[in-house]
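See below for the structure under consideration.
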Amino acid sequence: MTLDNNVLRKRTSLLGSLLGDAISRQSGEQTIDTIETLRKGFIQQRREPNEAHKQQLIDFIASLDNQTLKDVIRGFSIYFFLANLSEENYLREQRHELRMQSEQSWEGSFRRTLLECRERNIEPAQMQELIDQLKFTPVFTAHPTEARRRTTMNILQSLFAHSDALNNVSENSFAYEQAKEQTAQTIDLLWSSDEVRTRKPLVYDEINNGLHYFNASLFNAIPKVYRNIKKAIVDIYPELTDYPLPAFMSFGSWIGGDRDGNPFVTFETTELAVLMHADTVLRHYQVLLKKLRRQLIHSDTIVTISPDVYAKIKSYDELDQRVFDYNLDDYGNEPYRRLLSLILTKVNATNRRIQSKGTDIEAEKDAYANPEELLEDLRIIRQSVTTHDKAHADGLLLDVIRLVKTCGFHLAALDIRQESSYHGEVIADIFASASNLPDYQTLSETERQEWLTRLLQKPGTPLIYTDNLTDKTREQLSLMNSVATLRKLVGPATFGSYVISMTNNASQLLEVLLLMRFAGLCRVDDDGQLSADLPVAPLFETIEDLKNIDKILPAVLDNPLYRGLLQNTDNTQEIMLGYSDSSKDGGIITSAWQLYSAQQTINNIAEQYAIKTRLFHGRGGSVSRGGGSTHKAIAAQPAGTLHGQIKVTEQGEVLYAKYANTDTAVFELTMAITGTLKACSTRFVVQPNELPEYEALFARLADAGEQRYRELTDHTEGFYKFYSEVTPVQEISLLNIGSRPAHRKKGLPSKTTLRAIPWVFGWSLARFTLPAWYGVGSALHSVKDNEILMKEMNAHWPFFSVFVSNIEMAFTKANMNIAQAYSQLCEDAVLREKIMSEVLDEHKLTYSGLNSLLEQDSLLSSQQNLAASLQWRDAYLDPINYIQIELLKRARQQDEDTIDNNKYGDFNVEDSLIRSINALAAGLRNTG
1 MTLDNNVLRK RTSLLGSLLG DAISRQSGEQ TIDTIETLRK GFIQQRREPN EAHKQQLIDF
61 IASLDNQTLK DVIRGFSIYF FLANLSEENY LREQRHELRM QSEQSWEGSF RRTLLECRER
121 NIEPAQMQEL IDQLKFTPVF TAHPTEARRR TTMNILQSLF AHSDALNNVS ENSFAYEQAK
181 EQTAQTIDLL WSSDEVRTRK PLVYDEINNG LHYFNASLFN AIPKVYRNIK KAIVDIYPEL
241 TDYPLPAFMS FGSWIGGDRD GNPFVTFETT ELAVLMHADT VLRHYQVLLK KLRRQLIHSD
301 TIVTISPDVY AKIKSYDELD QRVFDYNLDD YGNEPYRRLL SLILTKVNAT NRRIQSKGTD
361 IEAEKDAYAN PEELLEDLRI IRQSVTTHDK AHADGLLLDV IRLVKTCGFH LAALDIRQES
421 SYHGEVIADI FASASNLPDY QTLSETERQE WLTRLLQKPG TPLIYTDNLT DKTREQLSLM
481 NSVATLRKLV GPATFGSYVI SMTNNASQLL EVLLLMRFAG LCRVDDDGQL SADLPVAPLF
541 ETIEDLKNID KILPAVLDNP LYRGLLQNTD NTQEIMLGYS DSSKDGGIIT SAWQLYSAQQ
601 TINNIAEQYA IKTRLFHGRG GSVSRGGGST HKAIAAQPAG TLHGQIKVTE QGEVLYAKYA
661 NTDTAVFELT MAITGTLKAC STRFVVQPNE LPEYEALFAR LADAGEQRYR ELTDHTEGFY
721 KFYSEVTPVQ EISLLNIGSR PAHRKKGLPS KTTLRAIPWV FGWSLARFTL PAWYGVGSAL
781 HSVKDNEILM KEMNAHWPFF SVFVSNIEMA FTKANMNIAQ AYSQLCEDAV LREKIMSEVL
841 DEHKLTYSGL NSLLEQDSLL SSQQNLAASL QWRDAYLDPI NYIQIELLKR ARQQDEDTID
901 NNKYGDFNVE DSLIRSINAL AAGLRNTG
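This is the structure in C-alpha cells:
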C-alpha cells in the first residue's frame with residue numbers, strides 16, 4: 001500500500017494550524033511564537049546542520065522558565081497526537097479503498113489470505129479444518145507503557161470522527177466548514193484539558209482502561225471480523241457457504257490478575273476485575289437486545305413464526321406474567337419482541353446476580369445459569385426469522401450470537417500471574433505449620449517434587465490447623481478461594497491460565513497445583529486421576545531459563561500424576577515465552593534465537609510425550625520487547641510450533657494503537673488471525689532446504705551479539721551509573737502510567753532490579769534505543785565472510801527477514817547526535833567517553849552491516865512509507881529532547897539544592913519533565 005505523503009502532510013498541516021489557533025487563543029501569541037521558533041529552528045538545523053545555530057537553540061531553551069517549557073512541550077505533544085491520528089485515518093481510508101476494489105486487497109486481509117490458500121491448493125475440507133482449530137487470543141495487560149489519560153483518548157476518539165468527516169467532503173461545501181468547526185472545537189478542548197495524569201493510577205483505573213477498548217471498538221469490531229471472513233469464505237470457497245463459523249476469537253486479561261511485582265493487586269482487586277468485566281459485557285448485551293427488539297417487529301398475523309418461539313415464551317410463563325403485568329397483551333402478535341423482552345430481563349437479572357456475588361435471591365430466580373442458555377434463546381429466534389427474513393436473521397441477530405459465543409458472561413478470561421519464588425515461600429510456610437512435613441526450604445528439587453506429588457495424591461481438600469500464617473500465605477489462599485467462588489458465580493471461562501513467571505524448576509508447577517487444592521480448584525478422583533480448573537502455564541523469560549526448557553518440561557511431564565492431569569484437560573500444556581526479560585538479559589539477537597530454539601524444543605518435547613501445546617507469546621510494544629508486525633511475526637514462527645492456537649499479550653500504547661477505533665481494531669484482529677492461519681498451514685510454512693545451514697549461522701550471530709551485549713551491560717564498570725544519569729529512567733517513575741513500581745528494588749538501577757519496560761523506555765527517550773540493536777553490528781561483522789548466505793536467509797527464511805526488518809525499523813529511531821547530548825548528563829567524563837565510544841562504534845557497525853545485508857545505501861530504502869513517517873517526526877522530536885535534557889539538569893540540580901528554586905519560575909520542574917516524557921512517547925509511538 002503506497003501512501004501519498006502530500007495528502008497526509010496537507011491533512012496534518014490543517015490539524016496543526018487549528019492547534020496553533022487554539023494555543024494562540026488560550027495561551028497567548030508569545031507561547032505560539034516560542035513553539036514556532038523552536039519548530040522552525042530545528043527543522044532548519046536538520047536541513048543545514050550548524051553547531052553555532054544549534055547552540056543558539058539550546059541557549060534559547062535554557063532561557064525559558066518552567067511554565068513556558070510546559071506549554072511548549074504540550075504544543076509538540078498534542079501535535080504528535082494529531083499527526084498520529086491523521087496518519088491512522090489515512091491508512092484506514094487506503095484499506096477501505098482496496099476493499100471496495102473487490103479484486104484487490106492488502107497483505108493479511110481475509111480475501112488475500114484465502115486467495116493464497118486456493119493458489120496453494122488448500123481444499124475446502126482442509127480450509128474448514130484450519131478454521132475449526134483456529135484460536136486467537138489477545139491478552140490485555142496493565143504493563144505501564146501507556147502515557148495517555150483515558151480522558152485524552154476519548155477526546156482523540158471524537159477528533160478521529162470529526163477529521164474523518166473533514167477528509168471526505170468537498171472543501172468548498174457547508175459540510176466541510178461544519179466539520180472543520182467541530183474539529184477546531186475538539187482541538188480547543190484537547191488543549192484546555194490535561195493530557196497527563198495528576199495521580200498514579202489505581203488497579204481499578206487500569207481495569208477501566210482495559211474495558212474502555214471493548215466499548216470504544218471491540219464490541220463493534222468482533223462481529224465485523226466474523227462477517228468479513230465469512231464473506232471471503234463464500235466468495236473464494238463457495239463450497240463452504242453453509243459452514244457455521246466457530247468462535248475462533250477470545251480475549252484475555254492480566255489487569256487485576258497479574259500480581260507479579262505489584263503489591264496493589266490483591267484477591268479483592270481480582271474479584272473487582274471479574275465483576276467489572278461481567279458488568280461491561282452484560283450491559284452491552286442489554287443495549288443490543290433493545291436494538292433487536294426495535295428491529296424484529298414481525299407480526300404473526302403477517303408471517304409464520306416457529307412454534308419453538310411460542311414454546312420458549314411459555315416456558316418462561318411466570319416471568320412473562322411479571323414482565324407484562326402492566327399489559328398482558330403487549331407484543332401479543334409480535335412474539336420475537338415478547339421473547340426478547342424476557343431475554344432482556346433475564347440478562348439484567350444475570351448481571352444483578354453476579355454483581356451481588358450471588359446474594360440477590362430475586363435475581364437468582366430469573367438469571368441465566370450460563371451463556372449457553374442465552375445462546376439457545378437467541379438461536380430459537382434466529383432459526384424462526386431465517387424462514388421468512390434472511391436479511392434480519394443474518395444481521396444484528398447473528399452479530400449478537402457471535403458476540404455471546406466470543407465473550408460469554410466473563411468478557412475476557414482473567415489470567416493469574418505470580419512469580420515462582422512467591423509460591424515457594426507460601427508452600428514453605430504451610431509446610432512449617434504442619435509437624436509431619438519437612439523444612440521445605442532445605443529440600444532438594446527432587447525431594448520437593450516427591451513431597452508435592454505425595455500431597456497432591458491424597459484425596460479430599462487439605463486442611464490447615466493453624467492461624468499462624470504469614471500475610472503472603474493468607475493472601476495466596478484467599479486468592480485461590482476467590483477464584484473458586486468467582487468461577488461458580490460467572491462461569492468456567494472466567495479465568496484463563498495460572499502463569500508462573502521466572503519458572504526454572506518443575507516443582508514450581510506442582511506448588512501451584514497444591515495451592516489450588518486448598519480451594520478445591522484441583523482435585524483427585526476415585527481413580528487417583530488429578531484434574532485442575534485452571535491450566536498452569538510456566539513462563540520462561542531469561543536466557544538461562546529458555547535454554548533449560550529441555551530439562552524443566554520433561555521433569556514435570558515424567559511425573560505420572562501431572563501427565564494424567566494433562567489428559568484430563570485436552571492433553572494440552574500452555575507455555576508462555578517472555579520476550580522482554582530475555583532481551584534485557586542477553587540482547588536482542590540471542591533473545592530472538594533462544595525464543596526460536598525454545599519453540600522448536602517445546603515442539604520436540606510435545607511430540608515425544610504425545611501432548612499438544614499452546615504457546616503464549618509475551619510480546620511488548622517495542623522491538624526489543626518482541627514488538628513489530630503481529631501478522632508477520634506470527635506467520636514467521638518456526639514450522640510446526642503453532643497448532644491452531646496462539647495467545648499474545650497486548651499492552652499499553654499497543655492497545656491504543658490497535659483498538660482506539662473500530663476500523664483499526666478490525667484491521668489488527670484480521671492481520672493477527674490470518675497470520676495464525678498461515679502459520680498453521682504447511683502450505684504456507686515451507687521449510688527452506690538450507691534451513692539447518694541458516695540456523696547454524698543465526699546461532700553464530702546470536703553468540704557474537706550476546707558477547708558484545710554482555711561486555712557492555714554486564715562487564716563494563718559504571719555502566720548502570722551511566723544509564724541512570726544519561727536517561728530519564730529515574731524520572732519515569734514520576735509519570736503516572738501504571739500501578740506497578742518501575743523498579744524491583746530501590747537504589748541504583750541494574751539489570752536485575754530494573755523491569756524490562758523502564759529499561760527500554762529510558763533508552764528510547766534518550767534516543768539510544770540501545771536494547772533494540774546493540775550487538776547486531778558486531779554479530780553481522782563477525783560473519784562477514786558468510787554475507788552471501790545471510791542474503792539468502794533474508795530472501796528465503798521468513799523468521800530471519802522479519803527479524804532484520806524489525807531491527808532496521810528500531811535502529812532508524814536511534815539518533816546518535818541526540819544520544820551524545822544526553823550523554824553529557826553523565827558527570828564522570830572518563831566513564832562517559834568509554835561507554836559512548838563503545839556505543840558509537842557499535843552503531844557504525846550496525847548501520848553498515850544492515851545496509852550491506854539489505855543491499856541499500858540508506859536505512860528503510862524498501863519501506864518508504866515508514867521512512868517518511870519517521871523522517872518528519874525527527875525534526876519535531878529534536879526540540880523536545882533538548883528541552884528534556886534541560887529539565888533533567890534543573891530537576892537534578894534542584895534535588896541537590898544547588899540552584900535557586902525561583903530561578904526558573906515557581907512552576908514545578910517535575911511537571912514539565914513528566915510532560916516531556918509523555919510528548920516523546922507520542923512522537924516515538926512507543927514507550928516500553
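Here this note's numbering is used: the first residue of the sequence shown is 1, the next is one more, and so on. We treat Cβ as the ideally placed atom computed from N, Cα and C, and that holds for glycine.
CA nearest to the CA of E607, picked from G640, R46 and A125: For the purposes of this step, residue 607 is taken as the residue at position 607 of the sequence shown. Measuring from the Cα of E607, the nearest candidate turns out to be G640.
Would you mind listing the alpha helix (DSSP H) stretches within the segment 134-197 that are 4+ residues and don't spill past its ends, in chain order? 150-167 and 174-192
With DSSP collapsed to three states, give me the class of C522. Residue 522 sits at position 522 when you count from the first residue of the sequence shown. C522 falls in the strand class under three-state DSSP.
Please look up how many angstroms separate the CB atoms of T989 and S250, rounded, as I've assumed it's under 8 Å. Only positions 1 to 928 of the chain appear in this structure, which leaves residue 989 out of reach.
Close Cβ partners of I673 (< 6 Å) along its chain, the five nearest in sequence each way excluded: If you number the sequence shown from 1, residue 673 lands on position 673. F136.
Check whether the segment 828-839 and the segment 664-671 are in contact - that is, three or more C-beta pairs closer than 8 Å. no
Need the endpoints of the alpha helix (DSSP H) that M516 sits in, please. Here residue 516 refers to the residue found at position 516 when the sequence shown is read from its first residue. Unbroken alpha helix (DSSP H) run through M516: S507 to R517.
Count the other CB atoms, across all protein chains shown, that sit within 10 Å of the CB of T359; report buried if there are 16 or more and exposed otherwise. Residue mapping note: residue 359 aligns to position 359 of the sequence shown, counting from 1. Around the beta carbon of T359, fewer than 16 other beta carbons lie within 10 angstroms, which makes this residue exposed.
Classification of S173 by the beta-carbon crowding that lies within 10 angstroms, buried from 16 upward: Here residue 173 refers to the residue found at position 173 of the sequence shown. S173 is exposed by the Cβ-count criterion.
Who are the near neighbours of N559 in its chain, counting only those whose CB is closer than 8 Å to its CB and skipping five residues on each side? Counting from 1 along the sequence shown, the entry for residue 559 is found at position 559. So the list reads Q449, T453, A506 and L510, once near-sequence residues are dropped.
Considering only residues of the same chain and omitting the five flanking positions on each side of G257, which have a CB-CB separation below 6 Å? Walking along the sequence shown from the start, residue 257 turns up at place 257. Contacts found: T270, L414, D415 and I416.
Just how far apart, CA to CA, sit V347 and A367? Taking the first residue of the sequence shown as position 1, residue 347 is located at position 347. Taking the first residue of the sequence shown as position 1, residue 367 is located at position 367. Rounded to the nearest angstrom, the two C-alpha atoms are 7 Å apart.
Can you give me the start and stop residues for the beta strand (DSSP E) that T280 sits inside? Working through the sequence shown from its first residue, we reach residue 280 at position 280. It is not in any beta strand (DSSP E) - T280 instead sits in the alpha helix (DSSP H) that spans F267 to Q295.
Taking the alpha-carbon positions, what's the R46 to A696 distance? For the purposes of this step, residue 46 is taken as residue 46 along the sequence shown, with counting starting at 1. For the purposes of this step, residue 696 is taken as residue 696 along the sequence shown, with counting starting at 1. Each residue's alpha carbon lies about 42 Å from the other.
Residue(s) in a DSSP beta bridge with A537: Position 537 of the sequence shown, counted from the first residue, corresponds to residue 537. The partner list for A537 (beta bridge, DSSP) reads V499.
Take A772 as the anchor and find which of K784, L18 and A814 has the nearest alpha-carbon. Along the sequence shown, one-based indexing puts residue 772 at 772. A772 has its Cα closest to that of A814, out of K784, L18 and A814.
What does the Cβ neighbour count give for R487, buried or exposed, with the cut at 16 atoms within 10 Å? Position 487 of the sequence shown, counted from the start, is the residue given in the question as residue 487. Classification of R487: buried, given that the 10 Å Cβ count is 16 or more.
Assumed close pair P371, G491 - CB separation to whole angstroms, cut-off 8 Å: In the sequence shown, the residue the question calls residue 371 occupies position 371. In the sequence shown, the residue the question calls residue 491 occupies position 491. Indeed they touch by this definition, with Cβ atoms about 7 Å apart.
According to DSSP, is S782 part of a helix, a strand, or is it coil? Locating residue 782 in the sequence shown gives position 782, where the first residue counts as 1. Residue state, collapsed to three classes: helix.
Nonlocal neighbours in the same chain, by C-beta distance under 8 Å from G762, ignoring five residues either side: Against the sequence shown, residue 762 aligns to sequence position 762. Counting only Cβ-Cβ distances below 8 Å, and skipping sequence neighbours, we find Y723, T727, P728, V729 and I732.
For Q824, which three-state DSSP category applies? For the purposes of this step, residue 824 is identified with residue 824 of the sequence shown, where counting begins at 1. Q824: coil per DSSP, three-state reduction.
Given a cut-off of 8 Å, decide if A184 and D21 are closer than it, judged by their beta-carbon atoms. As a first step, residue 21 is located in the sequence shown; it is residue number 21 there, counting from the start. As a first step, residue 184 is located in the sequence shown; it is residue number 184 there, counting from the start. Result yes, Cβ atoms of D21 and A184 sit closer than 8 Å.
Taking buried to mean at least 16 other C-beta atoms within 10 Å of its own C-beta, is V623 buried or exposed? Within the sequence shown, the letter at position 623 stands for residue 623. Low confidence applies here, because V623 scores a pLDDT of 39, under 50, leaving its location unreliable; read the following figure in that light. Flag for V623 reads buried.
Which residue or residues does DSSP assign as beta-bridge partners of A696? For this step, residue 696 is matched to residue 696 along the sequence shown. According to DSSP, A696 bridges with nothing at all.
Which of the three DSSP states is assigned to D235 in this structure? On the sequence shown, residue 235 is found 235 positions in, with the first residue counted as 1. Residue state, collapsed to three classes: helix.
Nearest residue (CA-CA) to Q418, options V512, E116 and D300: Along the sequence shown, read from residue 1 onward, the residue named residue 418 stands at position 418. Per the Cα distances, V512.
Counted within 10 angstroms of its Cβ, other Cβ atoms place N806 as buried (16 or more) or exposed: For the purposes of this step, residue 806 is taken as residue 806 along the sequence shown, with counting starting at 1. It is buried - the Cβ of N806 has at least 16 other Cβ atoms within 10 Å.
Please determine, among L85, L18, I43 and A484, the residue with the shortest C-alpha to C-alpha distance to A657. Numbered from 1 along the sequence shown, position 657 holds the residue referred to as residue 657. Minimum Cα distance to A657 is reached at L85.
Could you give the distance in angstroms between the alpha-carbon of E334 and the alpha-carbon of G210? For the purposes of this step, residue 334 is taken as residue 334 along the sequence shown, with counting starting at 1. For the purposes of this step, residue 210 is taken as residue 210 along the sequence shown, with counting starting at 1. Answer to the nearest angstrom: the Cα atoms are 39 Å apart.
By the three-class DSSP mapping on this structure, what secondary structure does R417 have? Sequence index remark: in the sequence shown, residue 417 carries index 417 (1-based). Looking at R417 - three-state DSSP - the assignment turns out to be strand.
Is the beta carbon of I255 closer than 8 Å to that of A278? Looking up residue 278 in the sequence shown gives position 278. Looking up residue 255 in the sequence shown gives position 255. Contact flag unset, no.
Sheet register partners of T572 (DSSP bridge): Position 572 of the sequence shown, counting from 1, holds the residue named residue 572. Beta-bridge pairing links T572 to K612.
For A756 and A493, the rounded distance between their alpha carbons: As a first step, residue 493 must be located in the sequence shown, where it is residue number 493. As a first step, residue 756 must be located in the sequence shown, where it is residue number 756. About 30 Å.
Identify which residue in N817, N786 and I788 has its Cα closest to the Cα of T769. Position 769 of the sequence shown holds residue 769. Ranking N817, N786 and I788 by Cα distance to T769 puts N817 first.
C-alpha distance - G849 paired with L789, whole-angstrom precision: On the sequence shown, residue 849 is found 849 positions in, with the first residue counted as 1. On the sequence shown, residue 789 is found 789 positions in, with the first residue counted as 1. The alpha-carbon atoms of G849 and L789 are separated by roughly 14 Å.
Quick check on this structure: which residue in S420, V556 and R379 has the alpha carbon closest to the alpha carbon of T446? Here residue 446 is taken as the residue at index 446 of the sequence shown, counted from 1. Among S420, V556 and R379, the Cα nearest to that of T446 belongs to V556.
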